[in-house]
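Peer 1: Quick one: this structure, given as structure tokens, is what I'll be asking you about.
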Amino acid sequence: MNIDYGEVTAIIGQKNSGKSVLTEYLLTQMDRFVAIDPNYEHGPPGSTAVEDYSDVWRQWMNGNTRQVVRDNRGAITEERMAEYVRAVGQLQNGYLFLDEMHNYTSANSCPDPIKKLASYTVSHQNIGFVFAVHMAKDIPNKVWSQIDNYIIFSYGDSWDKKMREANIPGKRKVRKGGEINPTSYQFLTYENKLGGDSEVRGPVPVPDHLS
Ligand SMILES: Nc1ncnc2c1ncn2[C@@H]1O[C@H](COP(=O)(O)OP(=O)(O)OP(=O)(O)O)[C@@H](O)[C@H]1O
Ligand SMILES: [Mg+2]
């Protein structure tokens, strides 16, 4: 699967299904990213910790284009998340990772900087927006309508309305009792385009620095 700059990618799956491990695996292979991770789990070897949103631009211009946010004020509150998302809006050609996006969003509520990111920055600044949530209903409508790639881990035992209505071929494989179970760490990938099909993939190898 190609996850490109200028695309929106959703990583969806229940707790412990493998979203963060996949994210870290992807980060080990990427040259240009800013990872916002409220749990401070991420940090592949060679990445730079940014402690303040003004560091993002400065470090990027210094050639440190693999950035993990470690805010020096403490937790990544919604306000602080917004500052970093705005900072990424100044960059070009890279990825913004937002793990645990459900901390900040729901179906009907979306902080303005995330709206702007999905509807403008992604295409105009060529930023790949990759986020992780537990369920489809955690994804605001303004972002949902922009998704180019779905990566769906084990989903749990019931659909929410958004997932029920989603037009994703093979989606029943991620439901409880389907082909993809929580301890397989496998996932369904689907490129949102006419006539596209989904594929079961993984598990990815756990990156050395995590084990
Ligand atoms: N590809 C994998 N291969 C082997 N074990 C894995 C893999 N992915 C995840 N695991 C195991 O499952 C645990 C939970 O994975 P992970 O933290 O990625 O879940 P998550 O989906 O991000 O959960 P949460 O929603 O709680 O953040 C890991 O700590 C690891 O032990
Ligand atoms: Mg996680």
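Note that the numbering used here has the sequence shown beginning at 924, numbered continuously upward.
We treat Cβ as the ideally placed atom computed from N, Cα and C, and that holds for glycine.
1. By alpha-carbon positions, which one of Leu1040, Ser1046 and Gln1048 ends up nearest to Phe1054?
2. Let me confirm a value: Asp1120 is counted as buried when at least 16 other C-beta atoms fall within 10 Å, else exposed. Which label applies?
3. Any chance the CB of Ser943 is under 6 Å from a heavy atom of ligand 2?
4. Check whether the Cβ atoms of Tyr1078 and Val1097 sit closer than 7 Å, and answer yes or no.
5. Could you name the residues of the same chain whose beta carbon sits closer than 7 Å to that of His1025, not counting the 5 residues immediately before and after it, in chain order?
6. When every heavy atom of ligand 1 is checked, does at least one fall within less than 6 Å of the C-beta of Lys938?
7. Are the CB atoms of Gly936 and Tyr1108 nearer to each other than 7 Å?
8. Which value, in whole angstroms, describes the spacing of the CA atoms of Pro1126 and Asp954?
9. Please classify Leu1117: is it buried, with 16 or more other beta-carbons within 10 angstroms of its beta-carbon, or exposed?
10. Could you check whether Asp994 and Arg1003 sit closer than 7 Å to each other, using their CB atoms as the reference points?
11. Is it buried or exposed, Gly1051, if we count other Cβ atoms within 10 angstroms and call 16 or more buried?
12. Can you tell me which of the three DSSP states Thr1044 falls into?
13. When you compare the CB positions of Lys1099 and Asp1080, do they come within less than 7 Å of one another, or not?
14. Taking 6 Å as the cut-off, is the beta-carbon of Val1045 closer than that to any non-hydrogen atom of ligand 1?
15. Hey, how far is the Cα of Asn1031 from the Cα of Glu947?
16. Taking the alpha carbon of Thr971 as the point to measure from, which residue in Gln1015, Leu1021, Glu1001 and Asn987 has its own alpha carbon closest?
17. Against chain C, does Gly1051 count as a neighbour if the rule is that its beta carbon must be under 7 Å from one of theirs?
18. DSSP three-state label for Asn1016, please.
19. Please name the residue in Asp1131, Glu1088, Ile1075 and Thr1028 whose C-alpha comes closest to that of Lys938.
Peer 2: If we stick to the structure as given:
1. Translated into the one-based positions of the sequence shown, residue 1054 becomes position 131. For the residues Leu1040, Ser1046 and Gln1048, the minimum Cα distance to Phe1054 belongs to Leu1040.
2. For the purposes of this step, residue 1120 is taken as residue 197 along the sequence shown, with counting starting at 1. Asp1120 is exposed by the Cβ-count criterion.
3. On the sequence shown, position 20 is the one that residue 943 refers to. For ligand 2, at least one heavy atom lies less than 6 Å from the Cβ of Ser943.
4. To locate residue 1078, count along the sequence shown from 1; it is residue 155. To locate residue 1097, count along the sequence shown from 1; it is residue 174. Yes; because the gap between Cβ atoms is below 7 Å, this pair is in contact.
5. Along the sequence shown, read from residue 1 onward, the residue named residue 1025 stands at position 102. Excluding positions up to five away in sequence, the list reads Val1056, His1057 and Asp1061.
6. Residue 938 sits at position 15 when you count from the first residue of the sequence shown. Yes, Cβ of Lys938 sits closer than 6 Å to a heavy atom of ligand 1.
7. Here residue 936 corresponds to residue number 13 of the sequence shown, with the count starting at 1. Here residue 1108 corresponds to residue number 185 of the sequence shown, with the count starting at 1. Contact flag unset, no.
8. In the sequence shown, counting from the first residue as 1, residue 1126 sits at position 203. In the sequence shown, counting from the first residue as 1, residue 954 sits at position 31. Going from the Cα of Pro1126 to the Cα of Asp954 covers about 22 Å.
9. As a first step, residue 1117 is located in the sequence shown; it is residue number 194 there, counting from the start. Classification for Leu1117: exposed.
10. Working through the sequence shown from its first residue, we reach residue 1003 at position 80. Working through the sequence shown from its first residue, we reach residue 994 at position 71. In this structure, Asp994 lies closer than 7 Å to Arg1003 by Cβ.
11. Taking the first residue of the sequence shown as position 1, residue 1051 is located at position 128. By the neighbour-count rule (16 or more Cβ atoms within 10 Å), Gly1051 is buried.
12. To locate residue 1044, count along the sequence shown from 1; it is residue 121. Three-state DSSP puts Thr1044 in a helix.
13. The residue given as residue 1099 occupies position 176 in the sequence shown. The residue given as residue 1080 occupies position 157 in the sequence shown. Yes, Cβ-Cβ distance for Lys1099 and Asp1080 is below 7 Å.
14. As a working mapping, residue 1045 is identified with position 122 in the sequence shown. Flag unset: Cβ of Val1045 not near ligand 1.
15. Along the sequence shown, read from residue 1 onward, the residue named residue 1031 stands at position 108. Along the sequence shown, read from residue 1 onward, the residue named residue 947 stands at position 24. Approximately 29 Å between the Cα atoms of the pair.
16. For the purposes of this step, residue 971 is taken as residue 48 along the sequence shown, with counting starting at 1. It is Asn987.
17. Here there is only one protein chain, and chain C is not present.
18. Taking the sequence shown and counting its residues from 1, one reaches residue 1016 at position 93. In this structure, Asn1016 counts as coil in the three-state DSSP scheme.
19. The count along the sequence shown starts at 1 and reaches residue 938 at position 15. It is Ile1075 whose Cα lies nearest to the Cα of Lys938.
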